[in-house]
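Numbering (our numbering), first residue to last: 922 to 1300. Since the structure comes first, as structure tokens, the remarks are kept for the end.
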Ligand SMILES: *Cc1c(COP(=O)(O)O)cnc(C)c1O
């Protein structure tokens, strides 16, 4: 089955009771048993819920994986993965990581005795140099947020295998429409479903997809034991979002390209970050592992002044100023004060994240209107 057909059909089946074509929202906490232990596979909704099961199966199919696990947020999914570690274990991750992941790693798990190394992962030699005999997890996010660096997943997988570590890819920015990390050697793919996967800015959820049965068992133990599971209504919303993932992503990519090209040609724009440009430093890796280049773009205005960036953000009419990304509507953001405020200023500077950087999540509106909005806001 091809991707678009899978997005609509994989994992879901008409309701056996009524024939309802859409997966019902099983809004129930518990399930009646005929006799103690004699049930239909569902006992309690933290552990299993039929709406969630269908979503998990659909997610697994889209990534070419065997098992999907859904969580109440992307952070709950990340938290579940880090629970696989023990005190003394070490993690290598990228130095322009999603701010929430950075906060969870450094403010929560570092205090439990897990050590985190943040390196510029688009330089694989920097990753190799950070490997020790205690490296247990390599955490890739690609393209990175908000600098759109591209990390070579197959190369990271080779380093992880040599180190005896597990490789996780946070695939939130790319979705399985653009890249399928399990096929490139990753052990786990992680999502904030809140973004492109749900796609309509109406729910917060997360997921992990894996192939390995034992890893799946360990993760589902923590999923149930720690309880960061989503409700059935949210699972329904993400299932509905997935059905148009391929169509939305195609338009995000088309619009993204036009917006990136417009910005690059603009006399007041100093620099545009988008992996689809031939002169993007990681373009070759992006072209190798991604099917297209996505709708996330960052840019800096000439003069690199924070106040100019803020004035531009205040003028946007269509690019609403808001946290988050990946919805049908275009959004803008100021990473230094919004998504990445939890990363210390010095770390941000080291990673090359300027205080005047503007991040765009290009939506699926008519691109002419988006370009008009950029025109009036940049001036
Ligand atoms: C939003 C996001 C997360 C966190 O997901 P939530 O659903 O907000 O908990 C993790 N990684 C990336 C790349 C994100 O954009």
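Ideal Cβ placement from N, Cα and C applies to all residues, glycine included. As the structure is a computational prediction, the values presented were derived from the model and not from experiment.
- Message: Using 8 Å as the cut-off, can you tell me whether the segment 1257–1264 makes contact with the segment 1011–1022, which would need three or more C-beta pairs spanning the two stretches below that distance?
- Response: A contact exists between the segment 1257–1264 and the segment 1011–1022.
- What do you reckon, is the C-beta of residue 1113 under 6 Å from a heavy atom of ligand 1? yes
- Message: Is any non-hydrogen atom of ligand 1 found closer than 6 Å to the C-beta of residue 1030, if you look at the structure I gave you?
- Response: no
- Looking only at its own chain, which residues have a Cβ that is under 8 Å from the Cβ of residue 1275, when we skip the five neighbours before and after it? 1221, 1225 and 1257
- Query: Under the criterion of a Cβ to heavy atom distance below 6 Å, does residue 1194 qualify as lining ligand 1?
  - Reply: Residue side-chain check: residue 1194 keeps its Cβ at 6 Å or more from all non-hydrogen atoms of ligand 1.
- Would you identify the three-state DSSP class for residue 1133, choosing helix, strand or coil? coil
- Query: Does ligand 1 have a heavy atom nearer than 6 Å to the CB of residue 1070?
  - Reply: no
- Query: Three-state secondary structure (DSSP) at residue 952?
  - Reply: coil
- Hey, would you say residue 1074 sits closer than 7 Å to residue 1102, going by beta carbons? yes
- Please name the residue in 1024, 1247 and 1065 whose C-alpha comes closest to that of residue 1177. Of 1024, 1247 and 1065, the residue nearest in Cα terms is 1247.
- Item | Integer Cβ distance of residue 868 from residue 1045, believed to fall under 8 Å | What is shown of the chain runs 922 to 1300, which leaves residue 868 out entirely.
- Message: Is any non-hydrogen atom of ligand 3 found closer than 6 Å to the C-beta of residue 1020, if you look at the structure I gave you?
- Response: Ligands in the displayed structure: ligand 1; ligand 3 is not one of them.
- By the 10 Å Cβ neighbour count, where 16 or more other Cβ atoms means buried, how is residue 1270 classified, buried or exposed? exposed
- Message: Nearer than 6 Å: is that true of the beta carbon of residue 1017 relative to any heavy atom of ligand 1?
- Response: no
- Among 1195, 1155 and 1186, which one has its Cα closest to the Cα of residue 1174? 1195
- Rounded C-beta distance between residue 989 and residue 978? I'm assuming under 8 Å. 6 Å
- Please confirm whether residue 1211 and residue 1098 have their CB atoms less than 7 Å apart. no
- Rounded straight-line distance, which links the Cα of residue 953 to that of residue 959: 9 Å
- Message: So for residue 974, helix, strand or coil by DSSP?
- Response: helix
- Roughly how far, in whole angstroms, is the beta-carbon of residue 1051 from the beta-carbon of residue 1013, given that I think they are within contact range, below 8 Å? Rounded to whole angstroms, the Cβ separation of residue 1051 and residue 1013 is 5 Å, and the two are in contact under 8 Å.
- Entirely enclosed alpha helix (DSSP H) segments - the segment 1260–1298, minimum 4 residues: 1266–1271
- Whole-Å CB distance - residue 1087 paired with residue 1116, under 8 Å assumed: The Cβ separation is near 23 Å, so there is no contact.
- Note down the Cα distance separating residue 1042 from residue 1150, rounded to an integer number of angstroms. Computed Cα separation, rounded: 31 Å.
- Query: Any contact of the segment 1154–1171 with the segment 1019–1039, i.e. 3+ C-beta pairs under 8 Å?
  - Reply: no
- Query: What's the C-alpha gap between residue 1202 and residue 1208?
  - Reply: 12 Å
- Distance cut-off 6 Å: residue 1092 Cβ against heavy atoms of ligand 1: no
- Item | Per DSSP, the bridge partner or partners of residue 989 | 1130
- According to the neighbour-count rule (16 or more other Cβ atoms, all chains shown, within 10 Å of its Cβ), is residue 937 buried or exposed? exposed
- Message: Given this structure, state the Cα-to-Cα distance separating residue 981 from residue 1200, to the nearest angstrom.
- Response: 34 Å
- Item | Residues that DSSP places opposite residue 1112 in a beta bridge | Answer by DSSP bridge pairing, in chain order: 1128.
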